[in-house]
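First to last, the sequence lines map onto chains A and B. Numbering of the first sequence is given in the working numbering, commencing with residue 1 and proceeding in unit increments. Numbering of the second sequence is given in the working numbering, commencing with residue 581 and proceeding in unit increments. Here is the structure we will look at.
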Amino acid sequence: MADINVKINGIAVSVPKGSTILEAAHAAGVEIPTLCYMKEINEIGACRICMVEANEGRGFRLVAACVYPVTEGMEVLTNSPKVLESRKKTVELILSTHDKKCLSCVRSGNCELQKLANDLGVENSDTFAGEMVEHEVDDSAVHMYRDNNKCILCRRCVAVCGKTQGVGVIGANERGFVTTIASAFDMGLGETSCVACGQCIAVCPVGALSEKEYIDDVFAAIADPSKRVIVQTAPAVRAALGEEFGYEIGTNVEGKMAASLRRLGFDDVFDTDWAADLTIMEEATEFMDRFKNGGKLPLITSCSPGWVKYCEHYFPEMTENLSSCKSPHQMLGAIAKTYYAEKIGVKAEDIVVVSVMPCTAKKFEIGRNDQNAAGVPDVDYVLTTRELARMIRRAGLNFRAMPDEDFDNPLGLSAGAGDIFGATGGVMEAALRTAACWLTGEDKVIEFTEVRGTDGIKRKTYNVAGTEIKVAVASGLANAKELLKSVQNGEEVHFIEIMGCPGGCVNGGGQPQQPASVRNFADLRELRAKALYDEDAAKELRLSHQNADVQKLYEEFLGEPNSHKAHELLHTTYVKRSIN
Amino acid sequence: MGAKTKKTVPFRGTPEQEAQLRAVIAEHKDEQGALMPVLQKAQDIYGYLPIEVQKIISDEMDIPMEKIYGVVTFYAQFSLFPKGKYNISVCLGTACYVKGSGDLYEKLKEILGIDGGECTEDGKFSLEACRCIGACGLAPVLTINEDVYGRLGVDDLADILAKYE
Chain A
1 MADINVKING
11 IAVSVPKGST
21 ILEAAHAAGV
31 EIPTLCYMKE
41 INEIGACRIC
51 MVEANEGRGF
61 RLVAACVYPV
71 TEGMEVLTNS
81 PKVLESRKKT
91 VELILSTHDK
101 KCLSCVRSGN
111 CELQKLANDL
121 GVENSDTFAG
131 EMVEHEVDDS
141 AVHMYRDNNK
151 CILCRRCVAV
161 CGKTQGVGVI
171 GANERGFVTT
181 IASAFDMGLG
191 ETSCVACGQC
201 IAVCPVGALS
211 EKEYIDDVFA
221 AIADPSKRVI
231 VQTAPAVRAA
241 LGEEFGYEIG
251 TNVEGKMAAS
261 LRRLGFDDVF
271 DTDWAADLTI
281 MEEATEFMDR
291 FKNGGKLPLI
301 TSCSPGWVKY
311 CEHYFPEMTE
321 NLSSCKSPHQ
331 MLGAIAKTYY
341 AEKIGVKAED
351 IVVVSVMPCT
361 AKKFEIGRND
371 QNAAGVPDVD
381 YVLTTRELAR
391 MIRRAGLNFR
401 AMPDEDFDNP
411 LGLSAGAGDI
421 FGATGGVMEA
431 ALRTAACWLT
441 GEDKVIEFTE
451 VRGTDGIKRK
461 TYNVAGTEIK
471 VAVASGLANA
481 KELLKSVQNG
491 EEVHFIEIMG
501 CPGGCVNGGG
511 QPQQPASVRN
521 FADLRELRAK
531 ALYDEDAAKE
541 LRLSHQNADV
551 QKLYEEFLGE
561 PNSHKAHELL
571 HTTYVKRSIN
Chain B
581 MGAKTKKTVP
591 FRGTPEQEAQ
601 LRAVIAEHKD
611 EQGALMPVLQ
621 KAQDIYGYLP
631 IEVQKIISDE
641 MDIPMEKIYG
651 VVTFYAQFSL
661 FPKGKYNISV
671 CLGTACYVKG
681 SGDLYEKLKE
691 ILGIDGGECT
701 EDGKFSLEAC
711 RCIGACGLAP
721 VLTINEDVYG
731 RLGVDDLADI
741 LAKYE
């Protein structure tokens with residue numbers, strides 16, 4: 001397979017045909033810095049940070065390594081004075097219109113521009129000081145800020161919004177010096193059909209895009225003696241939080257996370273995985289009911305609020321296909337403020353539920369209609385995985401030195417089925433496990449592993465106890481769009497799982513930001529998902545309906561899945577929205 | 581709201597114009613790179629490209645409106661604003677510029693409360709810059725529709741505009 005021979009700084013290396021200079025250099029152990037480039041997302045060769053000198057027999061010339069393909073016999077210099085000077089000058093030019101307020105920037109310490117300026121020896125950040133364009137911060141969206149004073153016009157956000165997510169509510173307006181990334185007619189992001197997925201934040205190399213932070217509010221709630229403060233963590237959080245504290249990508253830090261949350265002062269440390277099991281009870285029941293009784297099919301999962309909002313804007317005619325189930329963290333909030341509130345004798349108004357999520361759309365979700373089972377919001381604050389990491393640092397906790405602790409009961413126990421909710425295909429697999437047991441009448445784990453993996457769209461027909469069930473799984477909203485168009489054109493599917501972010505929640509918009517230098521050579525989706533699948537595989541309890549604490553909830557409180565009470569507390573409604 | 585909203589002149593598109601636009605889109609829809617010719621013809625039809633027009637193009641062509649807006653604001657040939665009843669064109673060619681037409685242009689922006697390329701909310705005046713109109717002997721020069729005014733200073737502007745009340 002290795003069929004092109006090149007020399008990187010005099011070192012011979014063979015790489016597959018079609019490789020870029022960036023990839024060839026990586027193979028030779030040389031990392032070329034990049035800025036606008038992000039593999040498979042933004043490959044436009046625009047920023048010129050990755051310049052190298054390449055000789056293809058006509059002398060050395062400066063080319064952009066990120067997109068320039070290698071040719072036989074090519075010689076490449078990655079560190080010549082000319083190359084280093086070019087890169088440095090490019091950074092200095094970028095800094096000439098950057099606000100350089102690093103001390104108060106949320107990305108300080110993991111900003112790709114800051115690192116480049118350091119690595120490339122920029123001694124004077126005002127080399128090309130001159131006119132600046134001042135931008136107002138756009139705070140119109142519920143979930144995030146856009147601060148163009150920090151924007152370097154790399155267009156990663158534009159690419160991920162338009163191409164990966166098929167939404168395209170941000171882009172480059174105007175031209176030349178006044179070019180800005182914004183929305184049509186300079187609408188605030190909150191006025192557009194932005195779905196709040198946060199993928200733009202996850203790919204932003206600098207501090208131009210960030211979630212709205214609620215750390216201070218949560219610290220204040222914890223400090224308020226009249227409040228019972230409950231925290232819950234989504235499955236995908238434990239698979240990525242460790243990255244913020246130097247652990248390898250894909251390390252499951254569940255135990256240290258639970259210990260940290262307890263030391264931050266939360267009164268109850270619960271697990272959204274528990275509610276994932278509860279979701280399966282409700283959703284698998286809903287599916288069986290629709291399937292057997294001629295209800296609206298395909299049934300489409302509703303755990304991903306980015307996907308739900310996308311559906312409302314872009315496929316309003318399909319909102320009846322959405323499962324009426326609330327997402328797991330909303331279910332946990334609803335149960336915490338009813339069932340659990342009764343148990344501990346605390347009024348719902350005095351309970352504060354904080355959800356730590358890999359997701360920014362959850363910040364939007366908590367304010368939706370019909371998400372207030374006890375007459376108060378089911379969930380009061382959503383923190384992203386990144387915010388939790390900041391909170392842990394702010395409190396001075398030594399995360400790596402934490403003991404491994406368990407979640408609290410009764411909303412802390414989970415089956416393996418609930419754990420895999422954080423990866424694309426996980427909800428489908430969990431639902432099928434339970435549905436299969438109900439159809440066969442046998443409590444045995446049947447594996448449905450074909451729906452795993454990072455392919456954008458997966459389709460499979462299963463035969464369960466003589467019943468043929470056609471399922472499909474999509475992640476990333478451009479993929480969801482493709483699948484739904486096919487369904488609208490007559491493709492028969494009974495059950496669809498859609499997650500808004502590519503690869504599912506493990507790659508959510510609220511997860512730790514990994515720089516392009518990492519993302520160009522490692523698949524975050526796969527590595528983080530593995531942590532969840534390993535957790536499932538290691539468990540005895542792998543079926544949601546066997547979760548004893550979930551069973552107890554039905555016995556003591558809800559009655560049957562999809563009962564009247566379950567509907568009141570655990571189900572919701574949708575609206576139709578327009579495209580802007 | 582975080583972002584600024586541009587002042588707009590009320591949209592006065594007619595059903596005939598919309599039918600023309602939809603026909604143009606239908607004709608080009610499946611071509612590669614159809615957006616540019618569609619925008620050019622849309623501007624021919626309406627004289628400018630307001631949000632109402634871009635929305636139709638976005639829906640019909642399944643292209644996000646931001647992408648269209650990005651193209652419209654990139655190219656100087658496209659306008660987001662109609663021409664006013666009186667279109668003021670200030671020559672920024674070399675001769676006029678050295679004679680101070682830049683000051684005239686800035687003063688007009690201030691008096692009218694609009695930027696170059698825009699139209700006042702009442703639809704009366706629009707303002708644009710142009711290159712040499714061949715009347716350098718009269719520099720600095722501006723035109724209002726067909727009328728030419730030369731050898732001007734900023735203090736003359738208020739009186740000239742008053743003629744168009």
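The beta carbon of each residue, even a glycine, is placed where N, CA and C say it ideally should be.
Problem set entry | Close beta carbons around A:C111, own chain, < 6 Å, minus the five adjacent residues each side | The residue labelled residue 111 of chain A in the question sits at position 111 within the first sequence. Around A:C111: V206.
Exercise. Does DSSP put A:A465 in a helix, a strand or coil?
Worked result: If you number the first sequence from 1, residue 465 of chain A lands on position 465. Of the three classes helix, strand and coil, the one that applies to A:A465 here is coil, per DSSP.
For this session: Take A:I41 and list the residues in its own chain whose beta-carbon comes closer than 7 Å to its own, dropping the five residues that flank it on each side.
Result: Within the first sequence, numbered from 1, the residue matching residue 41 of chain A stands at position 41. Closer than 7 Å at the Cβ level, and outside the excluded window around A:I41, lie R156, A159, V160, T164, V203.
Exercise. Helix or strand or just coil, what does DSSP make of A:I335?
Worked result: Counted from its first residue, the first sequence places residue 335 of chain A at position 335. For A:I335, the secondary structure class from DSSP, reduced to helix, strand or coil, is helix.
Exercise. When the cut-off is 8 Å and only beta carbons count, does B:A583 lie next to chain A?
Worked result: Position 3 of the second sequence, counting from 1, holds the residue named residue 583 of chain B. Caution is warranted here: a pLDDT of 36 is assigned to B:A583, below 50, making its placement in the model unreliable, and the coordinate value is therefore given only provisionally. Answer yes: the Cβ-Cβ gap between B:A583 and chain A drops below 8 Å somewhere.
Problem set entry | Residue range of the unbroken beta strand (DSSP E) whose run includes A:G171 | One-based indexing of the first sequence puts residue 171 of chain A at position 171. A:G171 -> beta strand (DSSP E) spans 171-173.
Problem set entry | Cβ neighbour criterion (16 or more within 10 Å) applied to A:V30 | Position 30 of the first sequence, counting from 1, holds the residue named residue 30 of chain A. Burial check for A:V30: the Cβ neighbour count within 10 Å reaches 16 or more, so the residue is buried.
Exercise. How about A:F60 and A:S260: do their beta carbons lie closer than 8 Å?
Worked result: Here residue 60 of chain A is taken as the residue at index 60 of the first sequence, counted from 1. Here residue 260 of chain A is taken as the residue at index 260 of the first sequence, counted from 1. It is not a contact, given that the beta carbons lie outside the stated cut-off.
For this session: Check whether the Cβ of A:I230 lies closer than 8 Å to any Cβ atom in chain B.
Result: Along the first sequence, read from residue 1 onward, the residue named residue 230 of chain A stands at position 230. Residue contact with chain B for A:I230: absent (no Cβ-Cβ distance below 8 Å to any residue of chain B).
Exercise. On the three-pair Cβ rule with 8 Å, is the stretch 265-272 of chain A touching the stretch 402-415 of chain A?
Worked result: Pairwise C-beta distances place the stretch 265-272 of chain A in contact with the stretch 402-415 of chain A, as three or more of them are shorter than 8 Å.
Problem set entry | With 16 other Cβ atoms within 10 Å as the buried cut-off, status of A:F521 | Indexing the first sequence from 1 puts residue 521 of chain A at position 521. Taking all protein chains shown into account, A:F521 has fewer than 16 neighbouring C-beta atoms within 10 Å of its C-beta and is therefore exposed.
For this session: Taking B:I740 as part of the alpha helix (DSSP H), name the residues at either end of that continuous run.
Result: Numbered from 1 along the second sequence, position 160 holds the residue referred to as residue 740 of chain B. Segment 737-742, the alpha helix (DSSP H) holding B:I740.
Exercise. Name the DSSP bridge partner or partners of A:M391?
Worked result: Position 391 of the first sequence, counted from the start, is the residue given in the question as residue 391 of chain A. Residue pairing from DSSP leaves A:M391 without any beta-bridge partner.
For this session: Inspect the beta-carbon positions of A:L332 and A:Q232 and report whether they are closer than 8 Å.
Result: Sequence index remark: in the first sequence, residue 332 of chain A carries index 332 (1-based). Sequence index remark: in the first sequence, residue 232 of chain A carries index 232 (1-based). In this structure, A:Q232 lies closer than 8 Å to A:L332 by Cβ.
Exercise. Hey, does B:I637 have any beta-carbon neighbour from chain A nearer than 8 Å?
Worked result: Taking the second sequence and counting its residues from 1, one reaches residue 637 of chain B at position 57. B:I637 does not count as touching chain A.
For this session: For B:Y649, count neighbouring C-beta atoms within 10 Å of its own C-beta (all shown protein chains included) and say buried if the count is 16 or more, exposed if not.
Result: As a first step, residue 649 of chain B must be located in the second sequence, where it is residue number 69. Buried, since its Cβ has 16 or more Cβ neighbours within 10 Å.
Exercise. Chain B partners of A:I170, CB-CB under 8 Å?
Worked result: Here residue 170 of chain A is taken as the residue at index 170 of the first sequence, counted from 1. Within chain B, the residues near A:I170 are E646.
Problem set entry | Run of the beta strand (DSSP E) containing A:F270, from where it starts to where it stops | Working through the first sequence from its first residue, we reach residue 270 of chain A at position 270. That run of the beta strand (DSSP E) goes 268-271.
For this session: Please determine, among A:A240, A:T424, A:G265, A:K326, the residue with the shortest C-alpha to C-alpha distance to A:V253.
Result: Here residue 253 of chain A is taken as the residue at index 253 of the first sequence, counted from 1. Of A:A240, A:T424, A:G265, A:K326, the residue nearest in Cα terms is A:A240.
For this session: Using alpha carbons as the reference points, say which of A:E23, A:W274, A:D138, A:S19 lies closest to A:H545.
Result: Counted from its first residue, the first sequence places residue 545 of chain A at position 545. Out of A:E23, A:W274, A:D138, A:S19, A:W274 has the C-alpha closest to the C-alpha of A:H545.
Problem set entry | Whole-angstrom distance between A:T467 and A:N148, CA atom to CA atom | Locating residue 148 of chain A in the first sequence gives position 148, counting from the first residue. Locating residue 467 of chain A in the first sequence gives position 467, counting from the first residue. A:N148 and A:T467 have their C-alpha atoms some 54 Å from each other.
For this session: Starting from the beta carbon of A:S183, find every residue of chain D whose beta carbon is closer than 9 Å, and list them in chain order.
Result: No chain D appears in this structure, whose protein chains are A and B.
Problem set entry | Spatially closest choice to B:E598 from B:D610, B:E611, B:K621, B:P590, by CA coordinates | For the purposes of this step, residue 598 of chain B is identified with residue 18 of the second sequence, where counting begins at 1. With distances taken between Cα atoms, B:E598 lies closest to B:K621.
For this session: Starting from the C-beta of A:V109, find all residues in its chain whose C-beta is less than 7 Å away, skip the five residues before and the five after it, and write them out in chain order.
Result: The residue you call residue 109 of chain A lines up with position 109 of the first sequence. In the sequence as displayed, the identity of residue 109 of chain A is Gly instead of Val. Excluding positions up to five away in sequence, the list is empty.
For this session: Pull up the distance between the alpha-carbon of B:K743 and that of A:G188, whole angstroms please.
Result: The sequence position of residue 743 of chain B within the second sequence is 163, counting from 1. The sequence position of residue 188 of chain A within the first sequence is 188, counting from 1. Near 40 Å, if we compare the C-alpha coordinates of A:G188 and B:K743.
Exercise. Apart from the five residues just before and just after A:A284, which ones in its own chain have a Cβ nearer than 6 Å to its Cβ?
Worked result: If you number the first sequence from 1, residue 284 of chain A lands on position 284. A431, T434, A435.
Problem set entry | Near-chain A residues of the stretch 653-675 of chain B (beta-carbon distance less than 9 Å), N- to C-terminal order | The residues in question are T653, F654, Y655, A656, L660.
Problem set entry | Selection of the stretch 594-605 of chain B by Cβ proximity to chain A, strictly under 7 Å | Per Cβ criterion, the list is empty.
Exercise. So, are the CB atoms of A:K576 and A:E312 less than 8 Å apart?
Worked result: Counting from one through the first sequence, the residue named residue 576 of chain A turns up at place 576. Counting from one through the first sequence, the residue named residue 312 of chain A turns up at place 312. Against a cut-off of 8 Å, the Cβ pair of A:E312 and A:K576 comes out as a contact.
Exercise. For the stretch 616-632 of chain B, which residues have a CB atom closer than 8 Å to at least one CB atom of chain A, in sequence order?
Worked result: Listed by position along the chain: I631.
For this session: Indicate the three-state DSSP secondary structure (helix, strand or coil) for A:V178 in the structure shown.
Result: Translated into positions along the first sequence, residue 178 of chain A becomes position 178. Of the three classes helix, strand and coil, the one that applies to A:V178 here is helix, per DSSP.
Exercise. Okay, do the stretch 442-454 of chain A and the stretch 558-565 of chain A touch, 3+ Cβ pairs below 8 Å being the bar?
Worked result: Not touching, per the Cβ criterion.
Exercise. If you draw a straight line from the alpha carbon of A:L153 to that of B:V618, how long is it in whole angstroms?
Worked result: Taking the first sequence and counting its residues from 1, one reaches residue 153 of chain A at position 153. Taking the second sequence and counting its residues from 1, one reaches residue 618 of chain B at position 38. Our two residues, A:L153 and B:V618, have alpha carbons roughly 27 Å apart in a direct line.
Problem set entry | Distance between beta carbons of A:C197 and A:A361, contact taken as under 8 Å | To locate residue 361 of chain A, count along the first sequence from 1; it is residue 361. To locate residue 197 of chain A, count along the first sequence from 1; it is residue 197. Confirmed, Cβ separation roughly 6 Å.
For this session: Kindly indicate which three-state DSSP category A:H98 falls into: helix, strand or coil?
Result: As a first step, residue 98 of chain A must be located in the first sequence, where it is residue number 98. A:H98: coil per DSSP, three-state reduction.
Exercise. Does the stretch 545-554 of chain A come close enough to the stretch 346-359 of chain A to have 3 or more Cβ pairs within less than 8 Å?
Worked result: Not touching, per the Cβ criterion.
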